[in-house]
Each structure stands twice: as structure tokens, then as C-alpha cells.
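Asks:
Residue numbers (full-length UniProt numbering): 1 to 411.
(1) Rounding to the nearest angstrom, what Cα-Cα distance links residue 175 and residue 49 in this structure?
(2) Roughly how many angstroms lie between the CA atoms of residue 77 and residue 396, to the nearest whole one?
(3) Under a Cβ-count criterion, where at least 16 other Cβ atoms within 10 Å of its own Cβ denotes burial, should residue 380 be classed as buried or exposed?
(4) Is the separation between the beta-carbon of residue 173 and that of residue 348 shorter than 8 Å?
(5) To which residues of the same chain is residue 147 closer than 7 Å at the C-beta, ignoring the five residues directly before and after it?
(6) For residue 137, which of 151, 129, 126, 264 has the nearest alpha-carbon?
(7) What runs of the beta strand (DSSP E), each 3 residues or longer, lie entirely inside the region 361-387?
(8) Pairing CB atoms from the region 264-272 with CB atoms from the region 330-348, are three or more of them under 8 Å?
(9) Grouping DSSP H, G and I as helix and E and B as strand, with all else coil, what is residue 20?
(10) With residue 230 and residue 248 assumed to form a contact (beta carbons below 8 Å), what rounded beta-carbon distance in angstroms separates them?
(11) Over the uninterrupted beta strand (DSSP E) stretch that includes residue 353, give me the two end residues.
(12) Quick one: residues in its chain with C-beta nearer than 6 Å to the C-beta of residue 321, no 5 flanking neighbours on either side, listed in chain order?
(13) From residue 91 to residue 200, what does the alpha carbon distance come to, in whole angstroms?
(14) Name the two residues that bound the continuous beta strand (DSSP E) containing residue 244.
(15) Taking only the alpha-carbon atoms, compute the straight-line gap between residue 250 and residue 221 and give it to the nearest angstrom.
(16) Measure the alpha-carbon distance for residue 102 versus residue 371 and round it to whole angstroms.
(17) Just to confirm before moving on: does the CB-CB distance between residue 378 and residue 169 stay below 8 Å?
(18) Which partner residues of residue 122 appear in the DSSP bridge assignment?
(19) Using a 10 Å radius around the Cβ and a threshold of 16 neighbouring Cβ atoms, would you call residue 280 buried or exposed?
(20) According to DSSP, residue 58 sits in a beta bridge with which residue or residues?
(21) How about residue 133 and residue 43: do their beta carbons lie closer than 8 Å?
(22) Could you tell me if residue 94 is buried or exposed, where buried requires 16 or more neighbouring beta carbons within 10 angstroms of its beta carbon?
(23) Find out if the Cβ-Cβ distance for the pair residue 392, residue 373 is shorter than 8 Å.
(24) Name the two residues that bound the continuous alpha helix (DSSP H) containing residue 102.
(25) Determine, using beta carbons only, whether residue 178 and residue 38 come nearer to each other than 8 Å.
(26) Under the DSSP definition of a beta bridge, which residues are partnered with residue 238?
(27) Give me the DSSP bridge partner(s) of residue 151.
(28) Buried or exposed: residue 211, going by 16 or more other Cβ atoms within 10 Å of its Cβ?
(29) Just list the residues that DSSP pairs residue 268 with in beta bridges.
(30) Along the chain, where does the alpha helix (DSSP H) that runs through residue 198 open and close?
(31) Where does residue 233 fall in DSSP's three states?
(32) Measure the Cβ-Cβ separation of residue 384 and residue 252 and say whether it is below 8 Å.
(33) For the region 110-130 against the region 46-62, do three or more pairs of beta-carbon atoms, one drawn from each stretch, fall closer than 8 Å, so that the two count as touching?
(34) By a C-beta neighbour count over all protein chains shown, 10 Å radius and 16 as the cutoff for buried, is residue 18 buried or exposed?
(35) Taking C-alpha atoms, which residue in 57, 123, 329, 208 lies nearest to residue 89?
(36) For the beta strand (DSSP E) containing residue 35, name the first residue and the last one.
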């Protein structure tokens, strides 16, 4: 098929996040006309929010390690990420005039740390390539004739003239930024296999006492390690919240914790409050005679435990446990926190669930809806924070765009 045939009808890309924008770029670079629709007044809003505290766009660890971060979906994400690797992503950024650097943790950031310059340069390129943007167009599915339905400021419209559709509608987290998961029942009604959206990279609820909640909500727990069943211990920081516990350390374990709660009704998170100390050293210091000093003073002077850490021990152990040197030492090294529920989806950083990979062919086209492709967070995969989410979204958007090209050429 010649390029002129590819241009006969535009491709509709629905969703202006990284996956949708990348699909649009792949298509327009091959001469395909693209009409891009987004529900919000401007595109890339979640992308900008994700970069508010520093745009962590990918990770510089060895590719094999990076691929392992996709867990049970590694098999599906691996060919996409290998085709558009973190290094390729950095080269793509540089082609937009945005240099990047690797932080001490291996996370990769654009120079300047902000998402806005990258998005501006990208949108400028896409407009020069001919992408036509339609904002404030919320997708409503299809009408009886197969036209795409959109809710717009001027009422509902139908768009029937398109050669293919790329759906990049996001998951269910941060719905105020446009991705609310409303597409899921629309696809399910058309026979597409979907999994319910669930919170990922989220906080969890703990039944704190009123005293502990009122005095320590918002307090950080620094230099700790966390462990849950089946997952290797991780080190980092977390934060006590009014409802429970959250933060980077918790997000890294959130998939395992969420799944355990779904299975058993609760999950136990073990916190090591002194990860650089052996249990024997802790026990020796706890058992050291303290004379007339209070237990609080003893823990602070001998082990450096005070504030939120010390009071978290009291919250979990109670008076009897605090006065038992062996129980206290063991709790310092493995404090069991009972997590009773993940926080709601609309508070999560990302979501799990979505379009099942079995519902897609190797080009990310829906088997039940030929000519309709899916990309980004609306697919059923998840990853921890650290650049892995954006890496997957960019890679799947590129794969969907390439899939459309291959499908159009084969028609």
C-alpha cells in the first residue's frame, strides 16, 4: 500500500497522554493524518502532574532488571520496551532538545526536572507534523452506525470518517485529570475482555488508635526497610497518614500487599526500624540496664529511636510488649503492621487492571474490534514508581502506532 492510500482517512487517537501522543507521532511521521481527541481543556495533564515534583521519565538500571519490574506482565511488556528502550527514550527526548541525567538512585530525569518543557517541544513537533488536536472531547463510545461519539461543549457529535482508532484513555487514578475508567464498561459491552481497575502505587489503611492518629499523622519514617510475604525486603522512606501508611517504600510493595488483602482480607507489613543493625545488637542495647531512665530515654540514647518510630512501637506492642526486651527487640527489627485495605483508586498514583492482553493481537489491536488499538495505562499491567510506568506508556504507544501502520498496509 502506498503512502497516499494511508492518507485516505485519518486515524483517530483518543487520549492525549504519553501513549496517545507517541502513537500520533509514529503515525504522522509515516504520512498518516491523525485527529487526536482529549476530554480535558489541554493534553498531557496527568503527565504534567506526574512531573510536578521532578519528572522521573525512565530508569537507567540494566534492561533485564528493568523488565523484571513489570512482574507477571513482563512477557507482554518486554517486546514493547525492547523496541523502545529507556536509552531510545532518552535519545528521543534529545531529539526534542531535552537533555537528561541519571540521579543517584538510577532514576532518569530531564535536565531542569520539569515535564512542561518536554511537553511543549513535543506538541510543537506534533503540530508541525500535522496532528490536529480536539480538546474538550470526551469519548462516549460508538453509535449504532459505528461512528465515534464525543461529548463536546457544543453537544454530542459523531465522527465516522476514520481508518483506525487508537484508544489511550488511561487508567482510573487521578480522575480529575481526565482518566476516570469510564471506557471499561463500553469495551466490556462489546465483548472485550477487561479486568476491573484497582489501585496501584497506593497507600494502605491501618486501624490507628485515635491518639496515634492525631499526634503522628504526617510524620515520616526515614531509613527503614519493609518486607511482605513473597517480596524481598526494600529500603526507603514512608509516611504515617491519618488513614494508615503511604510513600515510596509502600508503593514498591503495593501490588503484593493489595493482592494479599484481596486474598486474605488483610496483609501484614513488617517494618525494620533499624535496618543497619543486627537483631543481636538491638537486643543487647534494649536489655542494657537503664537505671532510673525512662524507656523512652533509653531507646533514644541507646538506639536512636524517638518520635514517630518509638511511638509506632508503642502503638503496635502496647505496654506489655514494650516492657518485654525480647519482644521489643524483635519488633524493632520486624514490626508487624496489619493493613486492612488499600486506599481508594482515585488517590492512587496509578491503576492495575484494564484491557486484557489476551483481548489484543501482537499489534495491540482488539480482536473483537478490528481497527481499534489500545495503549498505555488502560492495558492490564502495572509497575512501581521510578520511571517504569512512563517507560511502559511510551513503549506501548509506539507499538500501537506501529500496529496501526502494519494493519493499514495489510488492508
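Built from N, CA and C at the ideal position, the CB exists for glycine as well.
Replies: Put simply:
(1) Those two C-alpha atoms are separated by around 12 Å.
(2) Roughly 8 Å between the two C-alpha positions.
(3) Residue environment: residue 380 is assigned as buried (16 or more neighbouring CB atoms within 10 Å of its CB, all protein chains considered).
(4) Taking 8 Å as the cut-off, the beta carbon of residue 173 is found closer than this to the beta carbon of residue 348.
(5) If we look at residue 147 and ignore the five residues flanking it on each side, its Cβ neighbours are 158, 159, 160.
(6) Per the Cα distances, 151.
(7) If we require 3 residues or more, the beta strand (DSSP E) runs fully inside the region 361-387 come out as 372-374.
(8) Between the region 264-272 and the region 330-348, the count of Cβ pairs shorter than 8 Å is three or higher; the stretches touch.
(9) It is helical.
(10) At roughly 20 Å, the Cβ-Cβ gap does not stay under 8 Å, so residue 230 and residue 248 are not in contact.
(11) It spans 350-355 - the beta strand (DSSP E) in which residue 353 sits, taken as one unbroken run.
(12) 327.
(13) If I take the Cα positions, the gap works out to 29 Å.
(14) Run containing residue 244: 244-246, per the beta strand (DSSP E) assignment.
(15) Between residue 250 and residue 221, the alpha-carbon positions lie close to 11 Å from each other.
(16) For residue 102 and residue 371, the distance between alpha carbons rounds to 39 Å.
(17) In this structure, residue 169 lies closer than 8 Å to residue 378 by Cβ.
(18) Under DSSP, residue 122 takes part in no beta bridge, so it has no partner.
(19) Under this definition residue 280 is an exposed residue.
(20) Bridge partners of residue 58: 108.
(21) Here residue 133 is near residue 43, since their CB atoms are less than 8 Å apart.
(22) Result: exposed.
(23) Cβ distance not < 8 Å, so residue 392 and residue 373 don't count as in contact.
(24) Unbroken run through residue 102 is the beta strand (DSSP E), 100-102; no alpha helix (DSSP H).
(25) Cβ distance < 8 Å, so residue 178 and residue 38 count as in contact.
(26) The beta-bridge partner set that DSSP reports for residue 238 consists of 221.
(27) Under DSSP, residue 151 forms a beta bridge with 138, 156.
(28) Exposed, by the Cβ-count rule.
(29) Bridge partners of residue 268: 338.
(30) Note, residue 198: premise wrong, no alpha helix (DSSP H); beta strand (DSSP E) at 194-200.
(31) The answer is strand: DSSP assigns residue 233 an E or B state.
(32) Yes, these two residues count as a Cβ contact at 8 Å.
(33) Touching, yes, given that three or more Cβ pairs across the two stretches are closer than 8 Å.
(34) Looking at its Cβ environment, which holds 16 or more other Cβ atoms inside 10 Å, residue 18 is buried.
(35) Considering only alpha carbons, the answer is 57.
(36) The continuous beta strand (DSSP E) containing residue 35 extends over residues 34-37.
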